[in-house]
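Residues in the sequence shown are numbered from 0 upward in steps of one, following numbering that gives the first Met the number 0. Using N, Cα and C, we set each Cβ at its ideal position, and we do this for glycine too.
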Amino acid sequence: MMILMIEDEAALREVIGYNLMREGYQVTALDNANDALIAIEDCPPDLILLDLMLPGLQGIQFLDIFRQKNQTTPIIIISARNSEDDIIRALERGADDYLPKPFTIKLLETKIKVALRRSTDRIDSNLISGAGISIDLDAHRVLDGDREIQLTQKEFDLLALFVRKPGKVFTRNQLLNMVWGYENEYNSRTVDVHMAMLRKKLGDRGRHIRTLPKIGYLWEPKPVDPQ
Ligand code: CA
């Protein structure tokens, strides 16, 4: 697996690069995003680690350019900018995850593993499963073991989205866009109401849904305690 790291801080590049290579990854480390745009043409990575504050092209600009041609390669932001606005902006513009600096190598490695795992999952399959739940997209059925769970169309769409991408943070606007097909801040409450219903219908499995206050939701591979 090839990881492209775009990080202008040399010490950080070295320590991350060293540890990832020790874990068996191939790593290309660059100190700016302009060179990265050229490098990805020659050698497309399996995952990108992206700093936001860079000399030249900024991380968020790189994200915009890259996502115009590639929607699938996972991108994890590593940044000292850690305000809620920064995090939401990066997620809405196509980052898969966001790791505020400083972070531990262990946490970074875990996030990389999770991101790579879900990107290699077959997303074109009509049967998806995770955390004990199976979803048949053709038959429109959801099974928790042998128990069938009855969901509305929107709840079904939300669940399918989450189970397909465990660990991925979805903002309320993204969910509105993907499930309801429009974007409107005013209606983000709609998402909360449907998520609450979905969580309730899933029973114990609802504990996989994690709420990130003011940001959105994600499906945890391991159940979380009720919030
Ligand atoms: Ca930087």
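Query                                                                                                 : Result
Supposed close pair Ile-76, Tyr-97 - CB separation, criterion 8 Å                                     : 5 Å
Asp-45 beta carbon less than 8 Å from that of Met-1                                                   : yes
Counted within 10 angstroms of its Cβ, other Cβ atoms place Met-194 as buried (16 or more) or exposed : buried
Coarse secondary structure for Met-196, derived from DSSP in three states                             : helix
Cβ-Cβ separation, Arg-12 to Ile-59 (assumed contact under 8 Å), whole Å                               : That pair is no contact at about 20 Å.
Burial state of Tyr-17, where buried means 16 or more other Cβ atoms lie within 10 Å                  : exposed
Proximal residues to Arg-66 (C-beta, below 6 Å), its chain only, five neighbours per side dropped     : Gly-93
Length of the line joining the Cα atoms of Asp-123 and Asp-30                                         : Any reading at Asp-123 must be qualified, since the residue scores a pLDDT of 48, below 50, and its modelled position is unreliable; no value is offered.
Residues proximal to ligand 1 by C-beta, any heavy atom closer than 6 Å                               : Asp-7, Glu-8, Asp-50, Met-52 and Leu-53
For Leu-158 and Ile-127, the rounded distance between their alpha carbons                             : 10 Å
6 Å Cβ shell around Ala-130 - same chain, five flanking residues per side excluded                    : His-207
Helix, strand or coil at Lys-213 [DSSP, three-state]                                                  : coil
Three-state secondary structure assigned by DSSP to Glu-6                                             : coil
Cβ pair Glu-6, Asp-50 closer than 8 Å                                                                 : yes
Member of Gly-215, Leu-56 and Arg-80 whose CA lies at the smallest distance from the CA of Pro-101    : Arg-80
Rounded straight-line distance, which links the Cα of Ile-47 to that of Ile-164                       : Looking at the sequence shown, residue 164 is not Ile but Lys. For Lys-164 and Ile-47, the distance between alpha carbons rounds to 17 Å.
Beta-carbon proximity of Ile-227 to Ile-214, cut-off 8 Å                                              : Past the edges of the chain, shown from 0 to 226, lies residue 227, and the structure says nothing about it.
Nearest residue (CA-CA) to Asp-143, options Gly-166, Arg-21, Gly-205 and Ile-111                      : Gly-205
Distance between Pro-99 and Thr-71 (C-alpha atoms, nearest Å)                                         : 22 Å
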